[in-house]
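Report on the structure given below.
Numbering (the numbering used here), first residue to last: 574 to 775.
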């Protein structure tokens, strides 16, 4: 298997932490990771990370452009060609097919890549953020330390192609399909790189 060509969507969110996590997961401090801000940046990418962040990043990607070459359309094209995607926290909202609670005053169009229903900031304000030990299917049995910050919620899985990998208090917190790994917590804010290792091996 060729080494993954990794990009981190760098419009907003914890993109620098993801860069560090990838380098450590690959056990190479010099491993190249592209900060994706333009269409040209994403062209060679085989593995794209969409980090958490406020809805600004979603709005930037969701804007309807006249050009056929905007970044949103290129992400969709690359996904169709087999690119793998890791979505964390608000990044899960961006890639889900159904978003609950959108208001007419705050509309945005997601990428619709993984068949799940999600809700924004479902756990409350930042003061209500929390940490929890998680048992994650397909990752070795040692519990993973999940950091939840104004986390969205995965309300439901709507396709047999989507597998639930982890729950917390009966709420779904991590899922995958053949090309996507999605979680509502922040693996990049820990020193445990198993999730990034798992993604890079997809």
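Here a beta-carbon is modelled for each residue, glycine too, at the ideal position from N, C-alpha and C.
**Q.** residue 735 and residue 748 closer than 8 Å at C-beta
**A.** Position 162 of the chain shown, counted from the start, is the residue given in the question as residue 735. Position 175 of the chain shown, counted from the start, is the residue given in the question as residue 748. Yes; because the gap between Cβ atoms is below 8 Å, this pair is in contact.
(Q) Just to confirm my understanding: we take residue 694, look at its own chain, exclude 5 residues before and 5 after, and list those with CB closer than 8 Å. What are they? (A) Within the chain shown, residue 694 is the residue found at index 121, counting from 1. 723, 724 and 725, listed in sequence order.
**Q.** Cβ-Cβ separation, residue 703 to residue 765 (assumed contact under 8 Å), whole Å
**A.** Along the chain shown, one-based indexing puts residue 765 at 192. Along the chain shown, one-based indexing puts residue 703 at 130. Not quite, the Cβ-Cβ distance comes to about 17 Å (not below 8 Å), so this is no contact.
Q: Under the assumption that residue 712 contacts residue 687 (Cβ atoms under 8 Å), give the Cβ distance between them as a whole number of angstroms.
A: As a position in the chain shown, residue 712 is number 139, starting the count at 1. As a position in the chain shown, residue 687 is number 114, starting the count at 1. Between residue 687 and residue 712 the Cβ distance is about 19 Å, and since that is not below 8 Å, they are no contact.
(Q) Pop quiz: residue 619 and residue 656 are said to be a contact at Cβ under 8 Å. What is the actual Cβ separation, rounded to whole angstroms? (A) As a working mapping, residue 619 is identified with position 46 in the chain shown. As a working mapping, residue 656 is identified with position 83 in the chain shown. With a Cβ gap of about 6 Å, residue 619 and residue 656 count as contacting.
Q. In or out: residue 663 buried (at least 16 other Cβ within 10 Å) or exposed?
A. Taking the chain shown and counting its residues from 1, one reaches residue 663 at position 90. It is buried - the Cβ of residue 663 has at least 16 other Cβ atoms within 10 Å.
Q | Extent of the continuous alpha helix (DSSP H) run through residue 673 | A | What you label residue 673 is simply residue 100 of the chain shown in a count that begins at 1. Element bounds for residue 673: not the alpha helix (DSSP H) but the beta strand (DSSP E), 669-673.
Q: Can you check DSSP and say which residues form a bridge with residue 658?
A: Locating residue 658 in the chain shown gives position 85, counting from the first residue. Residue 658 pairs with 621 and 753.
Q: With a threshold of 16 other CB atoms inside 10 Å of the CB of residue 602, please say whether the residue is buried or exposed.
A: On the chain shown, position 29 is the one that residue 602 refers to. The residue is exposed, with fewer than 16 neighbouring Cβ atoms inside 10 Å.
(Q) To the nearest angstrom, how far is the alpha carbon of residue 685 from that of residue 581? (A) Position 112 of the chain shown, counting from 1, holds the residue named residue 685. Position 8 of the chain shown, counting from 1, holds the residue named residue 581. If I take the Cα positions, the gap works out to 19 Å.
Q.
My assumption, with CB atoms under 8 Å, is that residue 609 sits in contact with residue 615. Please give the rounded CB distance.
A. Position 36 of the chain shown, counting from 1, holds the residue named residue 609. Position 42 of the chain shown, counting from 1, holds the residue named residue 615. With a Cβ gap of about 5 Å, residue 609 and residue 615 count as contacting.
**Q.** Length of the line joining the Cα atoms of residue 587 and residue 623
**A.** Taking the chain shown and counting its residues from 1, one reaches residue 587 at position 14. Taking the chain shown and counting its residues from 1, one reaches residue 623 at position 50. For residue 587 and residue 623, the distance between alpha carbons rounds to 9 Å.
(Q) Excluding the 5 residues flanking residue 761 on each side, which residues of the same chain have their C-beta closer than 6 Å to its C-beta? (A) Against the chain shown, residue 761 aligns to sequence position 188. Once the five neighbours on either side are set aside, the close Cβ partners of residue 761 are 587, 590, 591 and 594.
Q) For residue 611, is the classification buried or exposed, using 16 other Cβ atoms within 10 angstroms of its Cβ as the cut-off for buried? A) In the chain shown, the residue the question calls residue 611 occupies position 38. Counting Cβ neighbours within 10 Å, residue 611 comes out exposed, since fewer than 16 surround it.
Q) When burial is assigned at 16 or more other CB atoms within 10 Å of the CB, is residue 774 buried or exposed? A) Numbered from its first residue, the chain shown carries residue 774 at position 201. By the 10 Å Cβ count, residue 774 comes out exposed.
Q: Measure the beta-carbon distance from residue 739 to residue 721 and round it to whole angstroms, keeping in mind my assumption that it falls under 8 Å.
A: Locating residue 739 in the chain shown gives position 166, counting from the first residue. Locating residue 721 in the chain shown gives position 148, counting from the first residue. Going by Cβ atoms, the distance from residue 739 to residue 721 rounds to 12 Å, so no, they are not a contact pair.
Q) What are the start and end residues of the beta strand (DSSP E) that includes residue 706? A) Taking the first residue of the chain shown as position 1, residue 706 is located at position 133. From DSSP, the beta strand (DSSP E) with residue 706 extends over 703-707.
(Q) On the DSSP bridge list, what partners appear for residue 585? (A) Taking the chain shown and counting its residues from 1, one reaches residue 585 at position 12. Note: residue 585 sits in no beta bridge, so no partner.
**Q.** Given residue 708 as reference, the closest of 671, 767, 576 and 584 once Cα atoms are compared
**A.** Against the chain shown, residue 708 aligns to sequence position 135. The shortest C-alpha separation from residue 708 is found at 767.
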